[in-house]
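A.B. asks: Residue numbers (this note's numbering): 694 to 1124.
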């Protein structure tokens, strides 16, 4: 194996030690779930070919949903797609009337990423790439760049809110040509959904609309068309923590959000959202609860139902729902090998533990946690990295003596996911 860059090594190790998902270097520690990953890679390829995609990734708390979504985003960026991602929370929802949907859009826009700018903030670079491509095209055709830009933007005006979107891009182009930094900044502010009043937007850019709660999805469709005009393959949007919709106490608010998911799903299945893909991450309760989950909305239940033939070990990964299978002990053994390799910076000579230590560590964790140590491995991974850190800083320490003292706590972080405030007088009980 090749040497691992110190930057990637530190990003992976520090994130995992803190119990959070690394933003970079996911490929260094990816194990298992080959079929699920292949299914999402096919979605990425479909977006590159002007198709559409919609997936709901379902897994228990700690099963690796966020890691899986980040890995898919990294693959999408390698295939020249633009990605946007955000976590839903009480202040960020798909549908709202109090600014929560616009807040979600602003977070997505802030996290807009490309292969050359993977950490977000790519909006301005995408607009400038569109302008530079138009300039090159104009030079080859012997015409002025504004004519070419207007011709391309004409494709957007036929879409909902497309006219003002095109005007904002044109305003940025004027600012680019004239060296007007304020005009450029105002255009980017509008594209990021940062204008809160139409009066301010009209004074700054001459447009009559702003991005508000009602126009978020239409704006995302406009962006997907625009990034393709700028030379990218399409737009992939990853939304995590969908369980926050399940936890909404108000039935009307919950159903309004599910209706928005239905609209996105219908557009995707019918192929009317070219170059636009959605990947949503949620828990089994968010999907299957017939009182509060997606299955409480009949139209979604029928579209997201599993293939009735997928039983007795048979799987179907072509549908909109992908269930993340738990890691096996064999997968977890490979993961420990990869963690040891990453910690050593890719240098076999610097391994802090011998091969014989890995199964002994797994046996120790199994005694403490049972099967949870590999099914929801967050705390187990943290304990393993803590062990490596002690061995690194204390060269004379005996790993055999340390192994019995390794503390592996049960991961109880997901217990709040299903705690909801009831908005009815119905009771749930189990016989």
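Glycine residues also receive a C-beta, built at the ideal position from the N, C-alpha and C atoms. Note that the structure is a prediction, hence the values are computed from the model and not measured.
Could you tell me whether the segment 975 to 995 touches the segment 919 to 936, where touching means 3 or more Cβ pairs closer than 8 Å?
C.D. replies: These segments touch.
A.B. asks: Exposed or buried, residue 728, counting other C-beta atoms within 10 Å across all chains shown (16 or more means buried)?
C.D. replies: So residue 728 ends up on the exposed side.
A.B. asks: Does DSSP put residue 930 in a helix, in a strand, or in coil?
C.D. replies: It is a strand residue.
A.B. asks: For residue 972, write down the residues that DSSP places opposite it in a beta bridge.
C.D. replies: In the DSSP output, where bridge partners are listed per residue, residue 972 has 748 and 931.
A.B. asks: How would you write the range of the alpha helix (DSSP H) that residue 904 sits in, first residue to last?
C.D. replies: Note, residue 904: premise wrong, no alpha helix (DSSP H); not H, not E.
A.B. asks: Is it buried or exposed for residue 800, if we count other Cβ within 10 angstroms and need 16 for buried?
C.D. replies: It counts as buried.
A.B. asks: Taking just the CA atoms, how far does residue 855 sit from residue 905?
C.D. replies: When rounded, the distance between both Cα atoms is 14 Å.
A.B. asks: Once DSSP output is grouped into helix, strand and coil, what is the label at residue 732?
C.D. replies: Here residue 732 sits in helix by DSSP.
A.B. asks: Can you check the segment 992 to 1047 for any beta strand (DSSP E) of at least 3 residues that lies completely inside it and give the ranges in chain order?
C.D. replies: Listed in chain order, they are 1014 to 1016.
A.B. asks: Which residues in the same chain as residue 894 place their Cβ atom closer than 7 Å to its Cβ, once the five residues preceding and following it in sequence are excluded?
C.D. replies: Hits under 7 Å: 883, 888, 900 and 903.
A.B. asks: Taking DSSP's pairing of strands, which residues face residue 965 in a bridge?
C.D. replies: Answer is none; residue 965 lacks a bridge partner.
A.B. asks: Helix, strand or coil, according to DSSP, for residue 981 in the structure here?
C.D. replies: Three-state result, residue 981: helix.
A.B. asks: Is the beta carbon of residue 725 less than 8 Å from the beta carbon of residue 1021?
C.D. replies: Taking 8 Å as the Cβ cut-off, residue 725 and residue 1021 qualify as a contacting pair.
A.B. asks: With a threshold of 7 Å, establish whether the CB of residue 782 neighbours any heavy atom of the ligand ZN.
C.D. replies: Inclusion of the ligand ZN in the displayed structure is not the case, the ligand content being empty and no account of it being possible.
A.B. asks: Taking Cβ to Cβ, would you say residue 853 is nearer than 8 Å to residue 805?
C.D. replies: Their beta carbons are not under 8 Å apart, which means residue 853 does not touch residue 805 by this criterion.
A.B. asks: Between which two residues does the alpha helix (DSSP H) holding residue 1057 run?
C.D. replies: Run containing residue 1057: 1050 to 1062, per the alpha helix (DSSP H) assignment.
A.B. asks: Just to confirm the assignment: which complete alpha helix (DSSP H) runs, minimum length 4, are found wholly within the segment 808 to 876?
C.D. replies: Counting whole runs of 4 or more residues, the segment 808 to 876 contains the alpha helix (DSSP H) stretches 816 to 834, 838 to 850 and 855 to 871.
A.B. asks: Suppose you measure from the CA of residue 794 to the CA of residue 956; what does that come to, to the nearest Å?
C.D. replies: So the alpha carbons of these two residues sit roughly 15 Å apart.
A.B. asks: Leaving out five residues on either side along the sequence, give the residues of the same chain with a beta carbon under 7 Å from the beta carbon of residue 981.
C.D. replies: Around residue 981: 988.
A.B. asks: Write down the C-beta distance between residue 768 and residue 717 rounded to the nearest angstrom, noting that I regard them as a contact closer than 8 Å.
C.D. replies: 13 Å between Cβ atoms; not a contact.
A.B. asks: Could you give the distance in angstroms between the alpha-carbon of residue 971 and the alpha-carbon of residue 1042?
C.D. replies: Rounded to whole angstroms, residue 971 to residue 1042 spans 43 Å at the Cα level.
A.B. asks: Taking the alpha carbon of residue 721 as the reference point, which residue from 851, 745, 763 and 961 has its own alpha carbon closest?
C.D. replies: It is 763.
A.B. asks: What does a CB cutoff of less than 6 Å around residue 874 pick up in its chain, not counting 5 residues either side in sequence?
C.D. replies: If we look at residue 874 and ignore the five residues flanking it on each side, it has no Cβ neighbours.
A.B. asks: For residue 1094, count the other beta carbons within 10 Å of its own beta carbon; 16 or more makes it buried, fewer makes it exposed. Which is it?
C.D. replies: So residue 1094 counts as exposed.
A.B. asks: Does DSSP classify residue 705 as helix, strand or coil?
C.D. replies: Helix, per DSSP.
A.B. asks: Is the beta carbon of residue 1084 closer than 8 Å to that of residue 1045?
C.D. replies: Yes. Within cutoff.
A.B. asks: Give me the Cα-Cα distance between residue 1089 and residue 1015, rounded to the nearest whole angstrom.
C.D. replies: So the two alpha carbons sit approximately 47 Å from each other.
A.B. asks: Does the distance from the C-beta atom of residue 773 to that of residue 926 stay below 8 Å?
C.D. replies: The answer is yes: Cβ separation under 8 Å.
A.B. asks: Let's see if you can read the secondary structure: which residues bound the alpha helix (DSSP H) around residue 1094?
C.D. replies: Start and end: 1092 to 1096.
A.B. asks: Report the three-state DSSP secondary structure of residue 776 (helix, strand or coil).
C.D. replies: Reduced to three states, the DSSP call for residue 776 is strand.
A.B. asks: Cα-Cα, which of 1096, 791, 1063 and 754 is closest to residue 1077?
C.D. replies: Closest option to residue 1077, Cα to Cα, is 1096.
A.B. asks: Go ahead and pull the three-state DSSP assignment for residue 959.
C.D. replies: Residue 959: helix per DSSP, three-state reduction.
A.B. asks: Using 10 angstroms around the beta-carbon of residue 879, count the other beta-carbons present and answer buried if the total reaches 16, otherwise exposed.
C.D. replies: Label assigned to residue 879: buried.
A.B. asks: By alpha-carbon positions, which one of 1018, 1099 and 1048 ends up nearest to residue 1067?
C.D. replies: Closest option to residue 1067, Cα to Cα, is 1018.
A.B. asks: Report the rounded CA-to-CA distance for residue 969 versus residue 742, giving the unit in angstroms.
C.D. replies: Distance between the alpha carbons of residue 969 and residue 742: 11 Å.
A.B. asks: Quick check: the Cα distance between residue 712 and residue 1071, rounded to an integer number of angstroms?
C.D. replies: If you take the alpha carbons of residue 712 and residue 1071, they lie about 6 Å apart.
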